[in-house]
DNA sequence: GCCGTTTTCGGCCCGACTGTTTTCAGTCG
């Protein structure tokens, strides 16, 4: 993973360069170009060094000849000369001020030049001494002081998608109670785009009385502070410190508003560019040419207006989807309806909360044809893992449930521990009796990369392992993943036809989007699962679908789009091929 | 600095909100 860190370094370097140029009074467009390039670099999973080797740097969105050259400097010398030079003019600490809400490049420059503020600590001192008040006025000083209070230094203040989405849905419920005049209200922004970590809640609403809805929103119990409030817009900070934004317009603007609030920014800008070349402009009300406004009933109509296919929200990021949609060549990506079943779920036999029958009934109700019960194996003692004996007993219970619920089918599987030495937690003759074996590396994630990778590879190669669960091992917002050589995993999984999982549990989201994209490019098949430990959590498969869409995963590369018979045949084929190979 | 179904030069998204600006600059999403 050492190569990959150079991507993160480049993102940091170009962001810093952009900030410093901005503060130094350089053209905002030039500074913006560096910021755009940082964005583009942040979205690729391939190491920059590898991209350079194949001459592909300028294919990165926002990277042209000049920035490509600077990427070269960074790779070869570990620094960018221009950054060093600009850093001598403007102390890099000044760029840190931009993280404070209401401080942009102009105020950062003013604070630094007029009050010697060269970082966040100096800002606190200056606020204390009343110098910010003198420079910017009491109102701005108050806002900046508040903004500084919500700023968590270092760590980016983002929440796992599942947590953020739950918060947004609760907020929406309460808003509907408080403001009955709402005709529509939906989470938008990065929640709707299924980013695995979310920085704020963006909510779009339609109402003929926008002002009343804004007032109701600002008065919700959850809201601890209103940062900004207008007739159709409100930005708040919730009691837990998390920002929540609301946009409200009358129903006839809904599609344009929903599109606008969904983003992402660069996708939005590309469509606005297209509006300009047509002689008009695109905004959250519709398309305006002269004094004539054309509104849209649906997002599909917006895209059709520009002669494009409609792009699913998770795919909106201006990394090529727009050009494909213009040519009618947007690939079909996995949808929730494509999935015929779920291949990873737990019951009260290990650390789940529901019985086999309860889980099966709930899966059946969701329209699934099958559900694999994959309780933990014995090695994960903390999760009450099953040994061979208890697996046999559980098999009898599964048989009874299958007799009752046919043609729905409960598959008996196991989530099998890959031990610290790379051996598997149950003997082959036990695994051979099961419908599905999902292998997992849960423990010893702090091992060095070589050993970790070797463990995962040995699981992938094993003839009775069908799926490698949550292959990289991170917990969103918590511990980072193991130091796996992911490219080696993809290559081996593709070769052996072992399936890699997209685990939809919101605290995992693993594989994440960039990994899933790389795995698809390497030729792997994937499964998209809930990893549910309760009946309600079966719905988490939706998050897995979101990740798959962000990664442009085509349905035909996903194992559990297969109907039951096809799935069983496929599992058997792959096992026998691996066994003989 | 990037980029092109009007462009290889001359543009660069758009609108909302705040403060102390009496007509707009700065910031944000």
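Numbering (our numbering), first residue to last: 410 to 990.
Each residue gets a CB set at the ideal place from its N, CA and C atoms; glycine is no exception.
Buried or exposed: residue i, going by 16 or more other Cβ atoms within 10 Å of its Cβ?
i           : result
residue 798 : exposed
residue 563 : Here the model assigns residue 563 a pLDDT of 44, short of 50, so the residue's position is not dependable and the matter cannot be decided.
residue 479 : buried
residue 823 : buried
residue 729 : exposed
residue 486 : exposed
residue 901 : buried
residue 475 : exposed
residue 605 : buried
residue 602 : buried
residue 558 : exposed
residue 958 : buried
residue 967 : buried
Helix, strand or coil, according to DSSP, for residue i in the structure here?
i           : result
residue 750 : strand
residue 969 : helix
residue 806 : helix
residue 418 : helix
residue 656 : strand
residue 811 : helix
residue 646 : strand
residue 669 : helix
residue 694 : coil
residue 700 : coil
residue 818 : strand
residue 634 : strand
residue 435 : coil
residue 453 : coil
residue 829 : coil
residue 981 : helix
residue 563 : Legend: pLDDT at residue 563 = 44, less than 50; position of this residue unreliable, value from coordinates given subsequently. Three-state DSSP puts residue 563 in coil, outside helix and strand.
residue 849 : strand
residue 919 : strand
residue 906 : coil
residue 962 : coil
residue 842 : coil
residue 878 : coil
residue 943 : coil
residue 547 : helix
residue 948 : helix
residue 935 : strand
residue 873 : coil
residue 705 : coil
residue 426 : helix
residue 789 : coil
Closer than 7 Å to a non-hydrogen atom of the ligand SAH - does that hold for the CB of residue i?
i           : result
residue 736 : Absence of the ligand SAH is noted for the structure shown, with no ligands found whatsoever.
Am I right that residue i and residue j are in contact with their C-beta atoms under 8 Å? What's the rounded C-beta distance?
i           : j           : result
residue 610 : residue 915 : That belief does not hold up - the Cβ atoms of residue 610 and residue 915 are roughly 15 Å apart, past 8 Å.
residue 761 : residue 753 : In fact, because the Cβ distance is near 11 Å, the residues do not count as touching under 8 Å.
residue 518 : residue 434 : 7 Å
residue 894 : residue 862 : 4 Å
residue 909 : residue 877 : 5 Å
residue 773 : residue 872 : So it is not a contact: roughly 31 Å between Cβ atoms.
Segment contact flag, the stretch 839-847 with the stretch 774-787, C-beta cutoff 8 Å, min 3 pairs: Taking one beta carbon from each stretch, the stretch 839-847 and the stretch 774-787 have 3 or more pairs nearer than 8 Å; the two touch.
Validate contact between the stretch 602-621 and the stretch 578-594 using beta carbons, cut 8 Å, 3 pairs: A contact exists between the stretch 602-621 and the stretch 578-594.
Cβ contact check for the stretch 594-601 and the stretch 570-578: 3 or more pairs under 8 Å: At 8 Å Cβ cutoff, the stretches touch.
Segment contact flag, the stretch 465-473 with the stretch 442-449, C-beta cutoff 8 Å, min 3 pairs: The stretch 465-473 makes contact with the stretch 442-449; the number of CB pairs closer than 8 Å reaches 3 or more.
Uninterrupted beta strand (DSSP E) stretches inside the stretch 458-543 (no shorter than 3 residues): With a minimum length of 3 residues, no continuous beta strand (DSSP E) run stays inside the stretch 458-543.
Cβ contact (3+ pairs, closer than 8 Å) linking the stretch 627-639 and the stretch 944-956: Too few Cβ pairs lie closer than 8 Å, so no.
At least 3 beta-carbon pairs within less than 8 Å: the stretch 694-710 vs the stretch 741-752: Touching, no.
Inside the stretch 571-631 only - alpha helix (DSSP H) runs reaching at least 4 residues: The alpha helix (DSSP H) runs of length 4 or more contained entirely in the stretch 571-631 are, from start to end of the chain, 598-601 and 619-627.
Segment contact flag, the stretch 898-915 with the stretch 707-727, C-beta cutoff 8 Å, min 3 pairs: Too few Cβ pairs lie closer than 8 Å, so no.
Sufficient close CB pairs (3 or more, under 8 Å) joining the stretch 488-501 to the stretch 418-436: These segments touch.
Completely contained beta strand (DSSP E) runs for the stretch 715-785, where each covers 3 or more residues: Within the stretch 715-785, the complete beta strand (DSSP E) runs of at least 3 residues are 750-754 and 779-785.
The stretch 546-556 touching the stretch 624-632, judged by at least three CB pairs closer than 8 Å: When C-beta atoms of the stretch 546-556 are compared with those of the stretch 624-632, fewer than three pairs fall below 8 Å, so the two segments do not count as touching.
Cβ pair count under 8 Å reaching 3, the stretch 770-779 against the stretch 815-835: Taking 8 Å as the limit for Cβ pairs, the verdict is that the stretch 815-835 does touch the stretch 770-779.
Contact between the stretch 454-466 and the stretch 529-548 (3+ Cβ pairs under 8 Å): Contact between the stretch 454-466 and the stretch 529-548 is absent, with fewer than three C-beta pairs closer than 8 Å.
Touch test, the stretch 804-811 against the stretch 856-875, Cβ-Cβ under 8 Å, three pairs minimum: The stretch 804-811, when compared against the stretch 856-875, does not touch it at the 8 Å Cβ threshold.
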